[in-house]
């Protein structure tokens, strides 16, 4: 089996007395497309935000490329209130910020599209290149990095061509139609040169045709850029079609994992989505 | 779309006005280059828009007008005092509207520029006077703005006469700045001596932070007082502060024989009232700024034991002075002011006359010649005889001490420092 | 510092704090609902001082007080309708700039109309009676200010917690859109907020200026800023918090000056603010809010 | 419509040449055009500060109100190091000057850079705690810091360094070429920064902090950078202002100064450099010069118009600000920059716009 690129261990996230994610563990291997599903309010987005460094977990750890990027244990007030498991297993507090995680090679998109709305499509993508730039503020201001800048612009153009947004490169981002905004957000994530792409409900609000287009698009960029993809999604068609493996979360607890076929036939998953049948 | 039109209009306004404005102060200049020619046309169309330009056109027409700048705060922190000085100057101008130089009679026109008691504004206000081609400047109330503008007048070689700016820095190192009043070191000593004469052994000082007049005067008083008595409490307050109770409680606790609190017109009544309400009964003294009717109006019932030094007294004048007093009182009432003559108005009146005397003595309308004449000119002013020492300060060795009585300032005695 | 001096300082501090508290409530309520620092609030307070001067001059102080309060309330509501309502949906920065603009306008307008010279504040004989307890002496208004402040705040807390209007206000401060969907008339609630805020500013002005006796166009600037700081320290959005903040600032300021650090009395207010923001951004009584991603 | 690159270059060159000719002309006729010279200098100095504020407020989306404080730091640093040694005794006439500083006199440019660095250093120190705060809290905190700086400068404890309450005078001036030239250089550097990769990162933070962070932009580092650079130029602006005013004191740098700069930025358009420059010149010129007549009694056909008296100018000005804030929120330039295409396009479209306006009115009349 290929190597593990992302590993979450015993993630627990507790807001006050509410346990949003309870002892969730998972692995993503290089080259896979893995999906996280679950009914509304199951804690998917919270888990996702922990992995990308937006929230610090209450307990647990996350590894990327075998390096521990996030780790925490109940502290302060939380020590008394903690209602999760595996207390005491983690003793370190490591909290990489979202930008550091991105720098390591994890890019993400957002459930409710977060573009740089009043900037052009081209600039939206070009900004992602800033992180990898070697220039400091002086060399950048006095244009001592002209070569690098030119290279970045060239790469941005190429990327826009690949994702099919070159014809709208000078439009203001917020003026694009919804579907294109999704594509742009993914393009922008790709520009950070990630190894792992995290998609937060990429098909939210899309009609079946747009969803199909998106499915094809994700598959295509995954191959083209040699990516690993981890996503949250509601559209079962999309999930079942492109996922290699699926994790299922319900009420903050992992209830199943496996290939799409296995998940489709898992009793607990069906119960979670359809409810437990009454006595009959 | 409309917005773009507006922005375009603003832009064109900028460029157009820059062109026309450039010619603003210059329509009497010979048309030696293309730009002024353009701007003259612009002035003609835009005459009502630019008062200075309109005035210039008039001056160019008959050639017998000279202009004197009035550089005073009419708004801002010192707006009140500045306005009183302006009244004195306006009245003097009304009384003596012409001057004869080289056989021609010139009409004197006042050009007023408001420096808003603000140093940043002072620079441009001074510049606006220079652009209006004034040959001399009067003002300003408040030493800070005078210092700020001093360099500008010096550079433009236009003589300026300060009326009531008492800070030593105003004239120091500036050949073009003169003044008709006494200085803060003198005033501080005068008040300290007066306190001594009143039998004070312990003094408290209350000054305003960031204000050169108040802090400076306070420190001169302290130096003078410390030679024979004890300064038991020194307190400071912030500009715009309105609550002095904490400082005053400390002062009360130190139990001084006298409080010296030089401050602006705005803060004076607050200090007096709050001190009395806290049960402080000792005399409160201050400098020239306190001689202002608004303080009496604001202070209400607590008019006891307030002493101040000032430049002028209505009873201590000669015949010419008496004429000024009756005339100016009428002028003040006709302008809706109370009929107490503020010392700064008298100084404004004197400064104007000194400048006009110097113009006559120089027999020239050239600013540099007028400056030279000022160094030797002697004027009998209503605030005493005026002649300048090598610094440009009036040789005055006497201050009037006044107190508040019956809703007015009452002359108490004169104090001199040898 | 002898005991007497100490008591005198305490009295001064509490009285000043009471006036600050009344103004701080106006900031905290508006911020709680509109998420707007109403920079003009200090100037409304200043204009209330002028209203009182003219009202008293014409009608005497008995009729003057209600007239002044009515005018102040009208001014507050008018400012909201003209300067804040049209840009309610604009970015927060624009609204704040609009508030700064109103403050600028009020200051310049009063300077233009009444000149920068201080105007004497009308004396209200009852309030100015001087009381002497031991060697501590002060006028009635000094004693009255903290008492009146507490009474008004108790009434206000009752209104917000036990009346329909109060419930609507609390709902709006939580969530604009949802409140609208629940049938709450947002505009009315905002107007009521401004009515209450301006009313308290009017009362605050009465107490503050009676104690300090003169009004200038810049009288409101510094108290305004300090009271906003008081509101932040107490936890913006919380009425009792604003009161506590007002007293804390008033007393601290008095004692700083008393101890001879008057240079830093204003600076201290802001240092307190920054320390508070860094260590407890929600203030003493504020509630925590989590940004949603 | 696309203009050729050469045409644009020629236009720019002509404009620059015209500007230099104008400067030379004004300077050589200084006595006649003193007002224009003054306004031009002050306008450009305020433009530097306005652009520096725009860098924070308009481009990075940080609502900071600390500009006056940083200007004060710059102005005092510049003044302390450039007042001629021989006149220092008369400037520090109350308590004398600190012996360590008394002997140091720096050349103008060095002192100016020192002014910028002083402000930047202070900004760097306060930036780390303050920049964690969100929008309006940040505004109040920076406003507070600016007041703290002012209080420190005016405090009697600083008498031997800043001359406390008494202010500084005898600050050497520079010719208009130097002042305007330095201003243009400062503005140009800020413009280059804004159009660099860092400038794009700043804009990303303005647009969406969370997304910017997800793009690998370190928020605190970039905010700190913007804050320090902005303060650096505010400090230089302060130094230039000291050079222009020749004498300064702490009350020059009150909150009102920050508000004035904010007004310039808002009128020019948040997020437009040329807007800020244009508005700085326009506001300064009208406030100090063209609109002065509002303050003077106006008599039309023998009738004295009662409105015109002292203070009216500022009332008009505040109303203007409110109108811009409420109805033309984008200001003169919005977020766009000046370009020759924009200008010619605008000029060409005037006839059609005027007619369309006319038609609209006609339509309304019917």
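Protein chains in written order, with this note's numbering: chain A, 15 to 294; chain B, 758 to 1175; chain C, 3 to 295; chain D, 419 to 784. All C-beta atoms in this analysis are idealised placements derived from N, C-alpha and C, irrespective of residue type, glycine included. It should be emphasised that the depicted structure is a prediction, and the values quoted were computed from it without experimental measurement.
{"Item": "What does DSSP give as the partner residue(s) for residue 43 of chain A in the beta ladder?", "Value": "A:18"}
{"Item": "Can you pull the chain A neighbours of residue 432 of chain D, defined as C-beta to C-beta under 9 Å?", "Value": "The premise fails here: residue 432 of chain D is roughly 25 Å from chain A at the closest Cβ pair, so nothing lies under 9 Å."}
{"Item": "Which chain A residues are close to residue 621 of chain D, counting only those with a beta carbon under 9 Å from its beta carbon?", "Value": "130, 132, 133, 137 and 141"}
{"Item": "Can you check whether the CB of residue 655 of chain D is closer than 9 Å to the CB of residue 466 of chain D?", "Value": "yes"}
{"Item": "Reducing DSSP to helix, strand and coil, say where residue 423 of chain D ends up.", "Value": "helix"}
{"Item": "Report all residues from its chain with a CB closer than 7 Å to the CB of residue 532 of chain D; omit the five preceding and five following residues, and keep chain order.", "Value": "495, 499 and 524"}
{"Item": "Give me, in chain order, the residues of the same chain whose beta-carbon lies closer than 7 Å to that of residue 202 of chain A; leave out the 5 immediate sequence neighbours on both sides.", "Value": "138, 139 and 142"}
{"Item": "Give me, in chain order, the residues of the same chain whose beta-carbon lies closer than 8 Å to that of residue 710 of chain D; leave out the 5 immediate sequence neighbours on both sides.", "Value": "731"}
{"Item": "Please name the residue or residues paired with residue 963 of chain B in a DSSP beta bridge.", "Value": "B:992"}
{"Item": "If you draw a straight line from the alpha carbon of residue 973 of chain B to that of residue 688 of chain D, how long is it in whole angstroms?", "Value": "43 Å"}
{"Item": "In chain D, which residues lie with their C-beta within 7 Å of the C-beta of residue 117 of chain A?", "Value": "634"}
{"Item": "Going straight from the alpha carbon of residue 851 of chain B to that of residue 220 of chain C, what length do you get?", "Value": "34 Å"}
{"Item": "Quick one, which residues of the region 51-65 of chain C are near chain D if we go by CB-CB under 7 Å, in chain order?", "Value": "none"}
{"Item": "The region 638-663 of chain D: which residues have C-beta closer than 8 Å to a C-beta of chain B, in chain order?", "Value": "659, 662 and 663"}
{"Item": "Would you mind giving the Cβ-Cβ distance between residue 25 of chain C and residue 41 of chain C, rounded to the nearest angstrom? I have them listed as a contact below 8 Å.", "Value": "Going by Cβ atoms, the distance from residue 25 of chain C to residue 41 of chain C rounds to 13 Å, so no, they are not a contact pair."}
{"Item": "Three Cβ pairs or more, each shorter than 8 Å: is that satisfied between the region 999-1011 of chain B and the region 961-968 of chain B?", "Value": "yes"}
{"Item": "Can you tell me whether DSSP reads residue 866 of chain B as helix, strand or coil?", "Value": "strand"}
{"Item": "Would DSSP call residue 1107 of chain B helix, strand or coil?", "Value": "helix"}
{"Item": "Please report how far the alpha carbon of residue 879 of chain B lies from the alpha carbon of residue 676 of chain D, in whole angstroms.", "Value": "18 Å"}
{"Item": "Can you confirm whether residue 156 of chain A, when its beta carbon is compared against all beta carbons of chain D, has any partner nearer than 9 Å?", "Value": "yes"}
{"Item": "Between residue 826 of chain B and chain D, is there a C-beta pair that is closer than 9 Å?", "Value": "no"}
{"Item": "According to the Cβ coordinates, are residue 247 of chain A and residue 51 of chain A closer than 9 Å?", "Value": "yes"}
{"Item": "Checking the sheet assignment: what are the DSSP bridge partners for residue 81 of chain A?", "Value": "A:78"}
{"Item": "Looking at the C-beta of residue 799 of chain B, does it have a partner C-beta in chain D at a distance below 9 Å?", "Value": "In this prediction, residue 799 of chain B has a pLDDT of 37, which is less than 50 and means its spatial position is unreliable; what the coordinates show is noted afterwards. Answer no: the Cβ-Cβ gap between residue 799 of chain B and chain D never drops below 9 Å."}
{"Item": "Among D:679, D:459 and D:553, which has the Cα closest to the Cα of residue 479 of chain D?", "Value": "D:553"}
{"Item": "Taking 9 Å as the cut-off, decide whether the C-beta atoms of residue 586 of chain D and residue 666 of chain D are in contact.", "Value": "yes"}
{"Item": "So, at 8 Å on beta carbons, what are the nonlocal neighbours of residue 180 of chain C in its own chain, with the 5 sequence-adjacent residues on each side left out?", "Value": "173"}
{"Item": "Taking only beta carbons into account, state which residues of the region 221-247 of chain C come closer than 8 Å to chain D, listed in chain order.", "Value": "223, 227, 230, 231 and 234"}
{"Item": "List the DSSP bridge partners of residue 893 of chain B.", "Value": "B:825"}
{"Item": "Output the distance between the C-alpha atoms of residue 35 of chain A and residue 111 of chain A, rounded to the nearest integer angstrom.", "Value": "20 Å"}
{"Item": "Quick check on this structure: which residue in A:227, A:107 and A:62 has the alpha carbon closest to the alpha carbon of residue 20 of chain A?", "Value": "A:62"}
{"Item": "Would you report the Cα separation of residue 807 of chain B and residue 706 of chain D, rounded to the nearest angstrom?", "Value": "With a pLDDT of only 38 at residue 807 of chain B, under 50, the local geometry of the prediction cannot be trusted, and the value read off the model is given with reservation. Their backbone Cα atoms lie some 13 Å apart in a straight line."}
{"Item": "Count the other C-beta atoms from every protein chain shown that fall within 10 angstroms of the C-beta of residue 243 of chain C, then say buried if there are 16 or more, exposed otherwise.", "Value": "buried"}
{"Item": "How many whole angstroms separate the CB atoms of residue 1095 of chain B and residue 1020 of chain B, which I take to be in contact at a CB cut-off of 8 Å?", "Value": "That pair is no contact at about 21 Å."}
{"Item": "Around the Cβ of residue 60 of chain A, are there at least 16 other Cβ atoms within 10 angstroms (buried) or fewer (exposed)?", "Value": "buried"}
{"Item": "Where DSSP assigns a beta bridge to residue 786 of chain D, which residues make up the other side?", "Value": "No statement about residue 786 of chain D is possible, as the shown extent of chain D runs from 419 to 784 and does not include it."}
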